[in-house]
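Each residue of the sequence shown is one higher than the one before, counting from 1 in full-length UniProt numbering.
Note that CB positions come from ideal geometry on N, CA and C, so glycine has one too.
Please read all numbers here as calculations on a predicted model, not as lab measurements.
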Amino acid sequence: MDAGASLADLLTAAAAGDRAALRAVYQAQSVRLFGIANAILRDRDLSSDAMQDAFIRIAQRAHQFDASRGTPEAWLGAIVRHAALDIIRARGREIATDDPNLGDEPVAPEAEDRLAATAEGRRLRECLQGLEARNRDGIVLAFVHGLSHPQIAERLGTPLGTVKSWIRRGLLALKECLA
């Protein structure tokens, strides 16, 4: 059984109230998910808060996961992303940045190194590097840095529809590469 199916099975078990399955989901995905939260929030304490909020949501909503709509990794990532963005909204301000080009700081090096050290992380990195730069940039800005499509369009000085197309084509290419 591949890792995706195993994670889907764990979510199904967690939906039925299996706490050990939820713990296994956390152990399997926490480094990657913390990296997502930290890329958005750029603060380890706030990222920890986002992770706590996210796993409460995951425990409550595991029954909503539908493998026909996407991978468990994407579903978990979206929950963490939304938890991090909720923290930003609750604080009532954008977090300042030092990078005038991206407006975001990279994921903490140790979290990125741990992800890259896994076979999945290496494979994802290889697939991302194989994408056209515009597709890769759109995906990274959306899914790592937490920007919306309109924010990406503004940042890149590109029409919104074009940005959406780049991201969609990039995701399709990633899906094919990772399959």
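Going along the chain, which residues of its own chain have a beta-carbon closer than 6 angstroms to the beta-carbon of residue i, five neighbours each way excluded?
i: ARG57; result: ILE79
i: ALA84; result: ALA37, ILE40, LEU41, ALA50
i: ALA8; result: ALA67, PRO72
Could you pull out every residue in the same chain whose Cβ sits closer than 8 angstroms to the Cβ of residue i, ignoring the five residues on either side in sequence?
i: ASN135; result: TRP166, ILE167, ARG169, GLY170, ALA173
i: ASP53; result: ALA83, ASP86, ILE87
Please list, in chain order, all residues of the same chain as residue i whose beta carbon is under 7 angstroms from its beta carbon, the five residues on each side excluded.
i: PRO150; result: LEU160
i: CYS177; result: CYS127, GLY130
i: ALA24; result: LEU10
Return helix, strand or coil for residue i, following the three-state DSSP convention.
i: GLU132; result: coil
i: ASP49; result: helix
i: ASP9; result: helix
i: THR71; result: coil
i: ASP137; result: helix
i: SER165; result: helix
i: GLY170; result: helix
i: ASP86; result: helix
i: GLY157; result: coil
Using the beta-carbon count (16 or more within 10 Å), is residue i buried or exposed?
i: GLN29; result: buried
i: ASP66; result: exposed
i: GLY138; result: buried
i: ALA90; result: exposed
Return yes when the C-beta of residue i is under 7 angstroms from any heavy atom of the ligand HEM, and no when it is not.
i: PHE143; result: Looking at this structure, you won't find the ligand HEM or any other ligand, since it has none at all.
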